[in-house]
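**Q**
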Amino acid sequence: MKKRLFYGIFLLMSLFSCERIIDNYWKEQERKNYTSPYMGTWTGTYTGDERGTFTLEVGKSGYIKRVTRTSGTFYEEQSMGCVMHDGTLQQVYSGDSKFMIQGSLRFGKGEWKKEGQRGTWVATRR
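Taking our numbering, the leading residue of the sequence shown gets 16, the next gets one more, and so forth.
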C-alpha cells in the first residue's frame with residue numbers, strides 16, 4: 016500500500032515537472048521570436064535646463080542598445096533600459112552622464128533628467 020502511494024505521488028510530481036519544463040520552453044521560444052514594434056532608430060530633441068539632440072537605438076527585443084546625444088559636446092553612451100510593448104520607456108539611463116529619459120515612444124515624447132537638470136523631449140522614428 017505504501018509503495019503504491021509513493022509511486023503515485025512520484026508519478027504526479029514527474030508529470031508536473033515535465034509540464035513546467037514544456038511551459039518554460041515555449042515561453043523562451045516566444046521571447047526569442049518577439050520583435051518590438053518600436054525597434055529601430057529614433058531621433059529627437061530635448062529642451063529645458065539643457066538643449067540638444069539625441070538618437071535612441073531600440074533592439075529587436077525592445078532593449079535600448081545605445082543613446083547618442085549632442086549638447087555642444089558629442090556623447091555616445093552605453094545605456095540601460097527597455098521599451099515596453101505599449102511604448103513606455105522603462106529605466107532608460109545613460110552611463111556616466113546620468114542622463115535619464117522617461118516617457119513613451121508611442122506618443123514620441125516625455126521628460127528627461129540629469130543631475131538636478133530636467134526638461135522635455137520629443138522624438139520620431141527615422
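Glycine included, every Cβ here is placed at the ideal spot set by N, Cα and C. Predicted model, so just to flag it, every value in this text is computed and none were measured.
Go ahead and pull the three-state DSSP assignment for K18.
**A** Correct three-state label for K18: helix.
**Q** In its own chain, which residues sit with a C-beta less than 7 Å from the C-beta of Y78, not counting the 5 before and 5 after it?
**A** C97.
**Q** According to DSSP, is Y40 part of a helix, a strand, or is it coil?
**A** Correct three-state label for Y40: helix.
**Q** Around the C-beta of V137, are 16 or more other C-beta atoms found within 10 angstroms, so that it is buried, or is it exposed?
**A** With fewer than 16 other Cβ atoms within 10 Å, it is exposed.
**Q** Is it buried or exposed, W127, if we count other Cβ atoms within 10 angstroms and call 16 or more buried?
**A** Per the 10 Å Cβ criterion, buried.
**Q** Compare the beta carbon distance of G110 and G118 with 8 Å and say whether it is the shorter of the two.
**A** Not in contact: G110 and G118 (Cβ atoms no closer than 8 Å).
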